[in-house]
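Participant:
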Amino acid sequence: MIKAVIFDCDGLLVDTETPWYKAFREIYQEHGVDLPLEQYVQCVGTTFAHFDPYNYLEECLQKPVDRTALSEKLKQKHRVLTYLRQKSPTSKRSESGR
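Residue numbers for the sequence shown, in the UniProt record's numbering: 1 to 98.
(1) Suppose the cutoff is 7 Å on Cβ atoms and the five residues either side in sequence are ignored; what does the same chain contact list for A23 look like?
(2) Note down the Cα distance separating E59 from S88, rounded to an integer number of angstroms.
(3) Would you kindly work out how many angstroms separate the C-alpha atoms of Q39 and E30, rounded to a whole number?
(4) If you check the beta carbons only, do C43 and P36 fall under 8 Å apart?
(5) Take the Cβ of I2 as the centre, count every other Cβ of all protein chains shown within 10 Å, and call the residue buried at 16 or more, exposed below.
(6) If you compare alpha carbons, which of T46, F48, L84, I27 is closest to L61?
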């Protein structure tokens with residue numbers, strides 16, 4: 001019988017923001033643009049109201065991007081990065097408190 005369910009909506013239990021940043025950074029690099037962490041942290045734990053990485057990329061490129069295609073590519077990169085992070089021996093050590 002299930003006695004409790006835990007929702008991790010802010011990344012406290014599982015760090016999902018690092019893979020998101022790395023995925024966005026890879027996308028930016030593919031376009032020849034840098035995404036400084038200082039810029040990206042403006043949207044960590046919030047919506048894109050303070051900083052929209054899609055808008056920022058368009059500003060840097062000075063042209064629109066296909067947001068649908070970019071979003072799909074981003075999700076795929078995030079899945080891979082999250083999977084690799086879970087399989088990392090150092091990740092398991094830090095999560096177990098060793």
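Note that CB positions come from ideal geometry on N, CA and C, so glycine has one too.
Facilitator: Taking the structure as given:
(1) L74, K77, H78, L81
(2) 35 Å
(3) 18 Å
(4) no
(5) exposed
(6) I27
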